[in-house]
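Going by this note's numbering, the first residue of the sequence shown is number 1215, and it counts up by one from there. From the three backbone atoms N, C-alpha and C, an ideal C-beta is built for every residue, glycine too. Here the structure is a predicted model, which is why all the values come from computation and not from measurement. A short worksheet on the structure shown next.
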Amino acid sequence: YARRALTALPGVRALHAQPVVREFALSLDAPVEAVIERCAAQGVNPGYALGRDLPEHGDGLLVAITEQRSRSDIDRLVEVLGDAVAAESAVDLAGARS
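Quick look at the structure:
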């Protein structure tokens, strides 16, 4: 459910198509560290920036969802991450125009 909902967001794609259990990687069309900061400001930890350890995945975000998370927790993640990606994509576009 979480991967489907997150990858339905504009600017968010699955990094791979393999089946997952609790963790999956996403590719974002926005600076990952800035997205993480925006989410944290809303009290949500969206995941781990893959570029910290894997430079070739600088746009990657590792998301872990355990059975302790409810559907409403996931829905909140989707909302907050979607807003953060949209906001950071707009900032990125504005900076590219300057």
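Once DSSP output is grouped into helix, strand and coil, what is the label at Gly-1274?
Sequence index remark: in the sequence shown, residue 1274 carries index 60 (1-based). Here Gly-1274 sits in strand by DSSP.
Going along the chain, which residues of its own chain have a beta-carbon closer than 6 Å to the beta-carbon of Tyr-1262, five neighbours each way excluded?
Along the sequence shown, one-based indexing puts residue 1262 at 48. Excluding sequence neighbours, Tyr-1262 sits near Leu-1276.
With DSSP as the reference, please indicate the residues paired to Arg-1227 in a beta bridge.
Start at 1 with the first residue of the sequence shown, and residue 1227 comes out as number 13. Answer is Ser-1241, bridged to Arg-1227.
Taking DSSP's pairing of strands, which residues face Tyr-1262 in a bridge?
Here residue 1262 is taken as the residue at index 48 of the sequence shown, counted from 1. DSSP, once it has assigned bridges, lists Leu-1276 as partnering Tyr-1262.
With H, G and I counted as helix, E and B as strand and the rest as coil, what does DSSP make of Pro-1233?
Translated into the one-based positions of the sequence shown, residue 1233 becomes position 19. The answer is coil: DSSP assigns Pro-1233 none of H, G, I, E or B.
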